[in-house]
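Here the structure comes first, spelled out in structure tokens, and everything after it is commentary.
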């Protein structure tokens, strides 16, 4: 769990600055966005990462290529879901596939 917590910090920073610069196109939105992003990553991202690790435990390391692709797909799905939930909190609309953001 500690590795998930440590990995969540740079992921949060990357998301905040990426969303502020590319989606909102305003550097002054970094602090308000961070107030929503850090709790979202901590309360959604870490449990999702733990769940993905739990789902992948039966696969083991016997097929590393297969595990890599399944793990990548699960993290993409979890990221889109967490982003949609974050936008639901911030804007009041569930926007999981906003082409402008992705």
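In the working numbering, the protein residues as written are 722 to 823. Just so you know, even glycine gets a beta-carbon here, dropped at the ideal spot from N, CA and C. Computed from a predicted model, the values in this text were never measured in an experiment.
Does the beta-carbon of residue 805, which I'm using as the reference point, lie nearer than 7 Å to any heavy atom of the ligand COA? As for the ligand COA, it is missing from this structure, which has no ligand bound.
Could you give the residue range of the alpha helix (DSSP H) that holds residue 795? 785 to 812
So what's residue 724 in DSSP terms, helix, strand or just coil? helix
Residue 773 and residue 796: beta carbons closer than 8 Å? yes
Counting pairs of Cβ atoms below 8 Å between the region 755 to 767 and the region 727 to 743, do you hit three or more? yes
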